[in-house]
Structures are given as C-alpha cells and as structure tokens.
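Colleague: Got a structure here, written out as structure tokens. Questions coming.
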Amino acid sequence: MSQKPKLGQNFLTDRSASSRIVEALGDISEKTVVEIGPGNAAITELLAQKAHRLIAVELDRALAANLKRRFAGSQVEVIEQDILIFDLASLRDSDEKLLVIGNLPYYITSDILLHLFRYHNVISRAVLMMQREVADRVAAAPGSRDYGLLSATTQLYAQVEKLMTLPPGAFAPPPKVYSSVLRLTFATRFSELGVDADGFIAFLRQCFAQKRKTLVNNLRAAGFDAPGIARVVEASGISGQARAEAVSLEVMAGLYRGLTQG
Ligand code: SAM
C-alpha cells in the first residue's frame, strides 16, 4: 500500500512497543476505546483482542476500507473521518468514560490535544504517541526550558506522565524525529484554581503571547492597566521581570483572579 507522508503515515513496526502502549491504557475489557489513526492496525489488532468496544477513526480512505474488511463482524467499528471533527461525546452510551489511544499524525498533534480537551468530560485517560520534542513540551514543569502555553493548557486538563521514547527505526518509513508516548489522566484543575475555563485559557494565551517579553509586558500589551498589573504582580510575590514560562498555574490563576475579579 502506498504511504502518504502528508497524513503523518509512519507505521509502528516495533511489536513490543505496540504491546506496551496498549498496556498503558490499563484494563480495557469493560471499556470503550477510541483509536486515533489506526493506519495498518499495529495497535488496533492488540486492542481488538482486549477492548469491550473499539472505535477506530482513520482519515485515509484506502486504509479505512482495509480496516473495515479486516475487522468486519467484530466489536471494532472503523469510521472514515477526520478526528478533528469527530464528535467523541456521541460514543458515550453510559456514564462510563472513554479511553483514547493513538500513534498520532504528528502534523496535527496540538490540534488533536485541543480537540480532546474540548471533550474532557467524556474521557478518562489517553495514551498518545507524538514527536519527542512536543511530548517534552506537553510534560514540562514551569521554569524549565520547554514549558509554555501547550504545557500549561494540557496540565489544566490532565495529569501528564511520560512513558517511553522510541527511535525512528521503530517505524516504517522511519520519521526524521524520535517519538515519545505520554499518558494523560483527565482531571481538570479549574475549580480548584478558582477560575473559569474559557476566560483563564484566553488569559494564558495573552500571558504567553510574546515569548521574549516579560509577563508584565505581555499583560500590558493585552490591555490591562499598569497599576492593576503592578498590584497583582506584587501580591503574587513573583519578580516584575519574570516571563510566563517561569510562573506556576497557581500563581497565574491568582494574577487572573486579581485582574478580572477586582
Ligand atoms: N496507528 C498506526 C501505527 O501506529 O502504525 C498509524 C499511525 S500513523 C503515525 C498516523 C495515522 O493517522 C495514519 O494512519 C494517518 O492516515 C492517520 N491520520 C492522519 N490524519 C488524520 C486525521 N485528521 N484523522 C484521523 N486519522 C488521521
């Protein structure tokens, strides 16, 4: 079968890695699992042996047709669709939350993460393979080189664990980059931080708008008034020279509350 680099088609050939990725989901015997980009079924065939119900969402028409033939008559449902417009909430048939798994098409990793966050209410856990550098950013702690808006946003929706890293040779054709697998355990932090989700995420976007600017300057550029900024920054105990990358979510939430709630 021809391979489409534009769709991020690097197929996993390391069988032991496939097993470890599936095991990282935990016991799936009673669960509904959604697989993003099943491709040639490297992960799908293992999931099919264990999951109660498996929904495999594949954009590539030829791959989806193959998968439909291969898993006909089983509990595997193959859906030919773009995962970014797939309504995950439509799959829920009880209070049981979904598990999500996927060796992601790397060109849309951030968009897929944001799509999953939109459905955070119906997902309990996700095991996702992505380019190593992106995984490092998602998992980074404040103050580290890799911390940024993607880390902050993800960590508002889920606890992040880095499980393993694979070399290019684990795939055919080999990608140019290393790949890492993350496990996201969904649990939002908005109520604990005393913030509303949409407003706080928009505020974070303003805080991280210009990487080279200090947090204070980014807040000024976003239209907050200078005395208000000085007041909340002083109350938070951070330096006026701090960049958003160095500031924890707890302190960010304090700044947001101080600037928007009076
Ligand atoms: N799961 C397979 C594996 O591990 O070998 C394939 C992984 S490959 C990195 C990514 C897969 O995602 C490809 O099969 C590709 O066709 C599919 N894909 C790309 N864009 C997609 C999209 N927007 N929605 C759903 N699947 C997509």
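Just so we're aligned, residue 1 is where the sequence shown starts under the numbering used here, counting upward by one.
Glycine residues also receive a C-beta, built at the ideal position from the N, C-alpha and C atoms.
None of the values given here were measured: they were computed from a predicted structure.
(1) Taking all protein chains shown into account, decide if GLN261 is buried (16 or more other Cβ within 10 angstroms of its Cβ) or exposed.
(2) Can you tell me the Cα-Cα spacing of SER19 and LEU46, whole angstroms?
(3) Within 10 Å of its beta-carbon, does ARG125 have 16 or more other beta-carbons around it, so buried, or fewer, so exposed?
(4) Buried or exposed for SER151, going by 16 or more other Cβ atoms inside 10 Å?
(5) Taking its Cβ as the centre, do 16 or more other Cβ atoms sit within 10 Å of MET164, making it buried, or is it exposed?
(6) Tell me which residue opens and which closes the beta strand (DSSP E) that GLY199 is part of.
(7) Kindly give me the distance between the Cβ atoms of VAL57 and GLN81, rounded to whole angstroms, as I take these residues to be in contact under 8 angstroms.
(8) On the CB-based measure, 16 or more other CB atoms within 10 Å of its CB, does ASP136 come out buried or exposed?
(9) From SER16 to GLY228, what does the alpha carbon distance come to, in whole angstroms?
(10) Taking 8 angstroms as the line, does the beta carbon of THR165 fall inside it for any heavy atom of the ligand SAM?
(11) Which residue or residues does DSSP assign as beta-bridge partners of ASN103?
(12) Any C-beta of chain B sitting closer than 9 angstroms to the C-beta of ILE28?
(13) Beta carbon of GLY102: closer than 8 angstroms to some heavy atom of the ligand SAM?
(14) Quick one: what does DSSP say VAL34 is sitting in, helix, strand or coil?
(15) Output needed for ASP14: all residues of its chain with C-beta closer than 6 angstroms, excluding positions within five of it in sequence on either side, in chain order.
(16) What are the boundary residues of the alpha helix (DSSP H) that VAL22 is part of?
(17) Just to confirm, is the Cβ distance from LEU98 to VAL138 under 9 angstroms?
(18) Is it the case that the stretch 19-36 contacts the stretch 47-54, given that we only count it when at least three CB pairs across the two stretches are under 8 angstroms?
(19) Measuring from the CB of LYS4, is there a heavy atom of the ligand SAM at a distance below 8 angstroms?
(20) Rounded to the nearest angstrom, what separates ALA141 and ARG70 at their Cα positions?
(21) Using only the heavy atoms of the ligand SAM, determine whether one of them is closer than 8 angstroms to the beta carbon of ALA139.
(22) How many angstroms separate the CA atom of PRO174 from the CA atom of MET130?
(23) According to DSSP, is GLN155 part of a helix, a strand, or is it coil?
(24) Quickly, what does DSSP pair VAL160 with across the bridge? List them, please.
(25) For the alpha helix (DSSP H) that contains VAL177, what are its first and last residues?
(26) For a test of your reading of the model: does the CB of THR44 fall under 8 angstroms from any non-hydrogen atom of the ligand FAD? Yes or no.
(27) Do you know whose CA, among LEU255, ASN121, ASP225, lies nearest GLY237's CA?
(28) If you follow the beta strand (DSSP E) that GLU77 is in, where does it begin and where does it stop?
Modeller: Reading it off the structure:
(1) exposed
(2) 7 angstroms
(3) buried
(4) buried
(5) Burial call: exposed.
(6) No beta strand (DSSP E) holds GLY199; the alpha helix (DSSP H) holding it covers 197-207.
(7) 6 angstroms
(8) buried
(9) Between SER16 and GLY228, the C-alpha separation is close to 55 angstroms.
(10) Every heavy atom of the ligand SAM is 8 angstroms or more from the Cβ of THR165, so no.
(11) DSSP output for ASN103 lists MET129 as bridge partner(s).
(12) The chain labelled as chain B is not found in the depicted structure, where only one protein chain is given.
(13) yes
(14) strand
(15) The beta carbon of ASP14 sits closer than 6 angstroms to the beta carbons of ALA170 from its chain, once the five residues preceding and following it are set aside; these are given in chain order.
(16) 15-23
(17) no
(18) Taking 8 angstroms as the limit for Cβ pairs, the verdict is that the stretch 19-36 does touch the stretch 47-54.
(19) yes
(20) 43 angstroms
(21) no
(22) 14 angstroms
(23) helix
(24) LEU184
(25) Taken as a continuous stretch (DSSP letters only), VAL177 belongs to no alpha helix (DSSP H), as it is neither H nor E.
(26) What this structure holds is the ligand SAM, not the ligand FAD.
(27) Residue LEU255 is the option with its Cα nearest to GLY237.
(28) Counted as a single uninterrupted DSSP element, the beta strand (DSSP E) harbouring GLU77 occupies residues 76-80.
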